[in-house]
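Everything on this sheet refers to the single structure shown next.
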Amino acid sequence: MTMIMLLIWSAVVIMLVMGVSKYRYTRPPLVWMLGFFCAGVVSVAAAGMYNGWLMMNTRFTFFSPDIVDSSIAFVLGPGMGEEFSKFGMGLVIMLFAVAVRAPLTPASRIQGFVLVALGFAVVENITYQDVGLGNLLVRGFLPVPMHAAMGFIHGTAVNAALKRGSGIYLFVGYVACVIIHAGYDIVAVNLPVVFAAAIVLVLVAWCTATWLRAPEENPLEETDEYHDPWIDEAPTEDY
Amino acid sequence: MRPNAMRFLKATIRFLASVGLALFCIMYLLDRYFPPDAQTMMTAAGATANGAGPDQDEPSLMEKLRDAWRWRERERDRNVGEGVETYVRESDRREGGRQGGGRRDPGDADGDPNGGGMPGRRMGRTQLVVRETSLAEFFLQSMHGRDLDSSRYSLNQLPVRTNAEVAFERMRFEYRVLEDHYYQREAHLASDPELRVLESLMTQISASPYSSFEDHADMGELYLMMGQPDKAKVWLEKAAMTWPSGSHSYGVLHLLLMFTYAAQGDTARTLPMVDSFTSANSDWLYPERFMGDMVTLEDIERTYPDAPLVPLVRGRLWYNVRNHAGAEREWRRARAMPDLDSSAAQRLDLWLAELQADREGSSR
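Sequence order for the protein chains is L and G.
Residues in the first sequence are numbered from 1 upward in steps of one, following this note's numbering.
Residues in the second sequence are numbered from 1001 upward in steps of one, following this note's numbering.
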């Protein structure tokens, strides 16, 4: 039981804080949220296979004594591979959601991608469970919020792409995540833990600001019911 | 659907396709131009300099090597074979006490040649201990004069070695460790990236003036596993010419040469070697004597699937160890291959007829 709590506590806390702080007038679309979480769990498989391939078939291994090789490994593996896996799986769910006109608001889209990241982080924690209880507790403070922040960036990129109808935001979001994730891993492995904690703190601050600004309900221009009464409706007698 | 949503769908598909394609291109380039180096593989093998293995519960490879060396020191004055058995009994008893029962290697030579084919490099415990002892020797020799406790290991008894010799022994040691690590895997392919690392190490080793006939044989074996029988032939013939005497190890060389000629389709050289194999290496009539040393035959078959002489040789090995069913199966497979030349086909017909006659005789 202690082990299970250590594996998931951080993810549960993040979800609770997000839910309590946002949904005042609406309810979160629970089925879609579950779909996002499952996508995150599934995304571990592709990322794990890719990382394993990288370790076995190339000279770029995460704990290589050569710092350049290990840094390249972090860019290629956790950066490009894991982020694409998470973002890709979340986007697959988004494709369905857009196709069936699911009632996803900007806030719930961000929360969906955070759930993808948290699903990924929980399974990643399970693979790390032999590192000891203390280390698992620390993982709840550092890598799990870091993954959640990556989900925030993904969600924000998707919101921007959906609002403006442009795919460039997806690429920008992905590249940003690759840089931040790889940078965090390189710092965490090569420098004292306080530097990694500083990165996580900055990310959490940005995520909090983003989350507080995210609209709980769909803006009018994003709904099919949108019409401009000044244009679409006939003038009343009073007018 | 609103226009923005449609544009989003298209953009998403474009994003997934382009990034996925980019990742595949990166993987191809990495595989092509950045294969794992020896250091990476040493780390993966758990043979790091400080002896820390990947699994904390299992002793690391270095710890096993040191353990094997300590045993060797204890047993120095005793018969080597007896000493091996003593060590095995002791370690089995220790493991039995800890795990509640003895452990058996999956690839142990259990004398049942019908069951799942011949085990190759996947060694039984006795063979593993002998192998590790040999590795410990390499390790200690390569470390001589550095950071070992010389009184404990009696290193002052070793001859003085030059830096070049130490560097050479270190390379050999690395090669042995990586080779063992590689062959512990279940299946091997000519395209395995580990083989490229082994080739790069062995190229340096065999270019050294300290290299010996054993290194040349290793080089030949490596090329045979890599699907390059022409290069393998050069090195194996060089090793055979300089091999000091006919011994059990020479049987391994004989076998490798035989498979090399078979892979090349050289019937004129293969058949005489097949005929003389057991007479030249009489101890190879007993499967438990050679299984641990022999290169994995399934791997050779996988590397040369269209060479008809390979199953012919393999069938003959089965026949030598009285596994007639296995021999017949291999020979019939070889007989059905289109590239089989007439003299080999004639020989196969003869052998199959002998088998048939044996079977009829025994049933009567």
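Backbone N, C-alpha and C fix where the C-beta goes; we use that ideal spot for every residue, glycine too.
In the three-state reduction of the DSSP assignment, Asn-1281/G falls in the coil class. Pairing Ala-1239/G with His-1216/G, the inter-Cα distance amounts to about 5 Å. Counting every other CB atom within 10 Å of its CB across the protein chains shown gives Val-200/L a total of 16 or more, marking it as buried.
By the neighbour-count criterion, in which a residue is buried when 16 or more other Cβ atoms sit within 10 angstroms of its Cβ, Phe-96/L is exposed. In the displayed model, Met-56/L falls within a helix according to three-state DSSP. At a cut-off of 8 Å between beta-carbon atoms, Val-98/L makes contact with chain G.
For chain L, the residues of the segment 1014-1041 of chain G that bring a beta carbon within less than 8 Å of one of its beta carbons are Arg-1014, Phe-1015, Leu-1016, Val-1019, Gly-1020, Leu-1023, Ile-1026, Met-1027, Leu-1030, Asp-1031, Phe-1034, Pro-1035, Pro-1036, Asp-1037, Gln-1039, Thr-1040, in chain order.
If you keep only unbroken alpha helix (DSSP H) runs of at least 4 residues inside the segment 1237-1274 of chain G, you get 1248-1264.
Within the segment 149-172 of chain L, the residues whose Cβ lies closer than 9 Å to some Cβ of chain G are Val-158, Ala-161, Leu-162, Lys-163, Arg-164, Gly-165, Ser-166, Gly-167, Ile-168, Tyr-169, Leu-170, Phe-171, listed in chain order.
Residues of the segment 1262-1278 of chain G with a Cβ closer than 7 Å to any Cβ of chain L: none. Using beta-carbon distances, Pro-1305/G does not count as an interface residue toward chain L, since no partner is under 8 Å. Its chain contains Pro-29 as the residues whose beta carbon lies nearer than 7 Å to that of Pro-103/L, once the 5 sequence neighbours on both sides are disregarded; these appear in chain order. Tyr-128/L is positioned such that its CB atom lies closer than 8 Å to that of Leu-136/L. Look at the beta carbons and you see the segment 1273-1280 of chain G not touching the segment 1297-1305 of chain G: under three pairs across the two are nearer than 8 Å. Counting along the chain, Gln-111/L sits inside the alpha helix (DSSP H) bounded by residues 106-127. Taken through DSSP and simplified to helix, strand or coil, Gly-173/L comes out as helix.
Using a Cβ distance threshold of 8 Å, Met-1225/G and Leu-1195/G count as a contacting pair. Setting aside the 5 residues that flank it on each side, Ile-153/L is surrounded in the same chain by Gly-173, Ala-176, Cys-177, each with a C-beta closer than 7 Å to its C-beta; the list follows chain order. Under the 8 Å criterion on CB atoms, Leu-1009/G is classed as interfacial with respect to chain L. Pairwise C-beta distances place the segment 201-215 of chain L in contact with the segment 138-157 of chain L, as three or more of them are shorter than 8 Å. Around Leu-142/L, the same chain offers Ala-188, Val-193, Ala-196, Ala-197, Val-200 as residues with beta carbons nearer than 8 Å, after the five sequence neighbours per side are excluded. For the segment 117-146 of chain L, no residue has a beta-carbon sitting nearer than 7 Å to a beta-carbon of chain G. When the beta-carbon positions are compared, Gly-77/L and Phe-62/L come within less than 8 Å of each other. Inter-segment contact for the segment 1330-1348 of chain G and the segment 1304-1315 of chain G is present: three or more beta-carbon pairs are separated by less than 8 Å.
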